[in-house]
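One line per chain: the protein sequences are A and B, in this order. In terms of the numbering used here, the first sequence has 333 at position 333, counting the first letter as 1, and numbering is strictly consecutive. In terms of the numbering used here, the second sequence has 1055 at position 55, counting the first letter as 1, and numbering is strictly consecutive. A virtual CB, placed ideally from N, CA and C, is assigned to each residue, including glycine.
2 protein chains.
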Amino acid sequence: MRNLKRVTRADVAKEAGVTETIVSYVINNNRYVDKEKRLSVEKAIKKLHYHPNFAARALKGKKTDHILVVADDIMSDHFGKIISEMEKIAYDRNCFISLCSSRNDEQFINLVYEHFFDGILIGSITLSEENIQRLVDTGIPIVLLENRDYSMITGIYGKIDTGIYTGARQCVKALYEKGRRNLLYVDRMDTESGQPVHIDYRYNGFFDQLKEYNIKHNISQVVYGYKSEDELRRKLFQYIKDEQKVPDGIMCFTDDVACMVMEIVKDMGYHIPLDISIIGFNNSKIGRYTSPTLSSVEIPRGEIGKSAMKILTELIDHKEDVISPIVEKLKTRLVIRESI
Amino acid sequence: MRNLKRVTRADVAKEAGVTETIVSYVINNNRYVDKEKRLSVEKAIKKLHYHPNFAARALKGKKTDHILVVADDIMSDHFGKIISEMEKIAYDRNCFISLCSSRNDEQFINLVYEHFFDGILIGSITLSEENIQRLVDTGIPIVLLENRDYSMITGIYGKIDTGIYTGARQCVKALYEKGRRNLLYVDRMDTESGQPVHIDYRYNGFFDQLKEYNIKHNISQVVYGYKSEDELRRKLFQYIKDEQKVPDGIMCFTDDVACMVMEIVKDMGYHIPLDISIIGFNNSKIGRYTSPTLSSVEIPRGEIGKSAMKILTELIDHKEDVISPIVEKLKTRLVIRESI
DNA sequence: CTGAAAGCGCTTACAG
DNA sequence: CTGAAAGCGCTTACAG
Chain A
1 MRNLKRVTRA DVAKEAGVTE TIVSYVINNN RYVDKEKRLS VEKAIKKLHY
51 HPNFAARALK GKKTDHILVV ADDIMSDHFG KIISEMEKIA YDRNCFISLC
101 SSRNDEQFIN LVYEHFFDGI LIGSITLSEE NIQRLVDTGI PIVLLENRDY
151 SMITGIYGKI DTGIYTGARQ CVKALYEKGR RNLLYVDRMD TESGQPVHID
201 YRYNGFFDQL KEYNIKHNIS QVVYGYKSED ELRRKLFQYI KDEQKVPDGI
251 MCFTDDVACM VMEIVKDMGY HIPLDISIIG FNNSKIGRYT SPTLSSVEIP
301 RGEIGKSAMK ILTELIDHKE DVISPIVEKL KTRLVIRESI
Chain B
1001 MRNLKRVTRA DVAKEAGVTE TIVSYVINNN RYVDKEKRLS VEKAIKKLHY
1051 HPNFAARALK GKKTDHILVV ADDIMSDHFG KIISEMEKIA YDRNCFISLC
1101 SSRNDEQFIN LVYEHFFDGI LIGSITLSEE NIQRLVDTGI PIVLLENRDY
1151 SMITGIYGKI DTGIYTGARQ CVKALYEKGR RNLLYVDRMD TESGQPVHID
1201 YRYNGFFDQL KEYNIKHNIS QVVYGYKSED ELRRKLFQYI KDEQKVPDGI
1251 MCFTDDVACM VMEIVKDMGY HIPLDISIIG FNNSKIGRYT SPTLSSVEIP
1301 RGEIGKSAMK ILTELIDHKE DVISPIVEKL KTRLVIRESI
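Rendered as structure tokens:
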């Protein structure tokens, strides 16, 4: 199947005129090696373009130079940016990034575990706490994107507070200051999972801030569980019918959701932002081009990618002396455009 | 480092009360095994959640269940959709997708080669033909997204004609039929590579169709090599100044580029589409929300993902009896919206 | 029909 | 200071 013969340690040893053992110790740099031998090994490695066979190393418990990213929506603009940032850093260490949409079953956990990733970044609200705990328990270095409460997870891991809780509160605050009192939160498009909506930190931030302002806060103020734009449209109509009044401020799960909401609301004949203010999350490129342009909570995606790699590296290299969890706090920023 | 003991073949053998050899033959299904033994092995595998250690298998030349995607812009909407489609199919085969931005050096080729991917999808115009040939020569199953001419590549591989050549011609046709005669093509934002612009099939389609109509076709009708929105703005100004006339139709490398162009053109005081018609590529979500909404060449991304997996699977499983190259032809579709 | 054994390319404890 | 050797978890040719 493989046509080209791979260069092995034996080839390097022969080329350098040393034993294979010496080659190994040069590569791993964990034993004194005669300076001259070391030099000739290094020369041979360069000449032959040798890379240690990573499968063989994995078998001996060494690193595989593969990091996995598990997310609900790996194709989104949001993860795209995070992953591409990680990939840049990873490549400099000869490391690859793998991707997987999250599945919430035990088979999935096993599959991931058996694939010898050096570390895993999880950015998923689909994956249950129980299964995340299982993954942490395997001992693989793990970093969680803290878009929900993970304080129950025990063991050694890292987490990145992406700041969306505060971001959601900022949203409500901005809407409140525009005189909006009748707020609505439109949750993500629910593909299938049917996870309860209230585990996401946007939800909590939204309600906590409403409570602080002592304005209407009722579970009915959340639109969720829709599977298409049409269904969202129907749910919004229904909401207005039930409540007998039109919301004057809408916070949306992402900018994509906000775009759909804007279209629907405009179709209904309302003016944005005169009648209704709208804010999305992620500050995607799309928001600069909508009409009106979209206000959005900017999540520091580049920072997330960097932090993730930083924490993973620390866990991978120094797991034994880590005080867990390693927490990194990031800050969101509300980008104000015309929609509010 | 790894806390949990992995379940090995030996564990399964013990549980099932058979030799390890038997377990292997059951897993690989390549030798007769006593029915009863087979059943008890299967039972043990289920019970213990056993997965063969993929590193050990890789070492023996078996599949690694890892496919690599190499692209210029892995974070784009476009690749996001392709990759997510591939991932769905891959997951059903317990296979992971890895990602890598393309680098055009020999070190990169080596790195990729040494990582034991079962197959590689290349969607990059940055990677030189020479390096692609190198990769094909390693014997790893490879599928090329044919956004440029790959007819010089020899050996066994697959390619997917994404249809952008025809798509570009459709663009020009649509613009021509709107009475546009003064056309411009805005190439991709050039991050650094500085690859000549004319290897991309959009470019060729654009000029071939201009020639067919026998209207102005000059190398100056391409804006390229800009590294930021500002630089694009300057280049567009410069173009108009040099040509002493405003283009009445602009074809853009992607919808993202088209969005920038639209903003610039609107800032200049021109009306879209009265003064200038604009078309992008990819039919990204963004085009539905711009003002005016954006016409775009839809590239069948889901199909690309499916085809890529199909061809890769074929190359991986039956490489010996493949007649190369395996070619899959896909069709683009021009989505007309307000911008034209 | 099936088991014992060689070997994939490494790492590193062990023994000099 | 350094080499020969065991062993990681598999696959499969070889020998019954």
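- Of all residues in the region 1256-1267 of chain B, only D1256, C1259, M1262, E1263 come within less than 8 Å of chain A when Cβ atoms are compared, listed by chain position.
- Put simply, the backbone Cα of A:L59 is about 14 Å away from that of B:V1007.
- Apart from the 5 residues on each side of it in sequence, A:T19 sits with its Cβ closer than 7 Å to the Cβ of A13 in its chain, given in chain order.
- Setting aside the 5 residues that flank it on each side, B:I1089 is surrounded in the same chain by M1309, each with a C-beta closer than 6 Å to its C-beta; the list follows chain order.
- Residues of the region 96-125 of chain A whose Cβ lies closer than 7 Å to any Cβ of chain B, in chain order: F96, I97, S98, L99, C100, S101, N110, L111, E114, H115, F116.
- The distance from the Cβ of A:L294 to that of B:L1099 is about 28 Å, inconsistent with a contact at the 8 Å cut-off.
- For A:S84, the closest Cβ of chain B is nearer than 8 Å.
- Counting only runs of at least 4 residues, the region 41-109 of chain A fully encloses the following alpha helix (DSSP H) elements, listed from N- to C-terminal order: 54-59, 77-91.
- According to the DSSP assignment, A:Y185 belongs to the beta strand (DSSP E) that extends over 183-186.
- In this chain, B:D1317 is not harboured by any beta strand (DSSP E); it is covered by the alpha helix (DSSP H) spanning 1301-1318.
- For A:E130, the uninterrupted alpha helix (DSSP H) run begins and ends at 129-137, by DSSP.
- For B:D1161, the enclosing beta strand (DSSP E) has its first and last residue at 1158-1161.
- For the C-beta of A:A58, the chain B residues within less than 7 Å are, from N- to C-terminus, A1055.
- B:G1123 is bridged by DSSP to B:A1071.
- The three-state reading of DSSP puts A:R31 in coil, since its state is none of H, G, I, E or B.
- A:K159 counts as buried, since no fewer than 16 other beta carbons sit within 10 angstroms of its beta carbon.
- Residue-level contact by beta carbon fails for A:T162 and chain B, as no gap is shorter than 8 Å.
- Bounds of any beta strand (DSSP E) do not take in A:F253, whose DSSP letter is neither H nor E.
- Legend: CB atoms of the region 205-231 of chain A lying less than 8 Å from CB atoms of chain B are not found in any residue.
- Membership of A:I326 in the beta strand (DSSP E) is indicated by the continuous run 326-329.
- Contact between A:N131 and A:I109 holds, with the beta-carbon distance rounding to 6 Å and staying under 8 Å.
- With respect to the C-alpha of B:E1328, the residue from B:E1146, B:K1245, B:Y1032 having the closest C-alpha is B:E1146.
- For B:H1049, the closest Cβ of chain A is nearer than 8 Å.
- In the DSSP assignment, B:V1222 forms a beta bridge with B:Y1185.
- Non-local beta-carbon contacts of A:R181 in its own chain, meaning distances under 6 Å to residues more than five positions away in sequence, involve I215 in chain order.
- Put simply, the backbone Cα of B:G1123 is about 18 Å away from that of B:N1283.
- Under a 10 Å Cβ-count criterion, A:R202 is classified as buried, with 16 or more other Cβ atoms of the shown protein chains found around its own Cβ.
- According to the DSSP secondary-structure assignment, A:S277 is paired through a beta bridge with A:G249.
- Straight across, the Cα-Cα distance linking A:I340 with B:D1187 is about 35 Å.
- Collapsing the DSSP output to three states places B:I1199 in a helix.
- Between B:R1337 and B:G1287, the beta carbon gap of about 7 Å places them in contact (Cβ cut-off 8 Å).
- Beta-bridge annotation (DSSP): B:V1143 is paired with B:L1121, B:G1158.
- Interface flag for A:K43 against chain B is unset, since no Cβ pair is found closer than 8 Å.
- Counting other Cβ atoms within 10 Å of its Cβ, A:T21 stays below 16 and is therefore classed as exposed.
- For B:R1009, the closest Cβ of chain A is not nearer than 8 Å.
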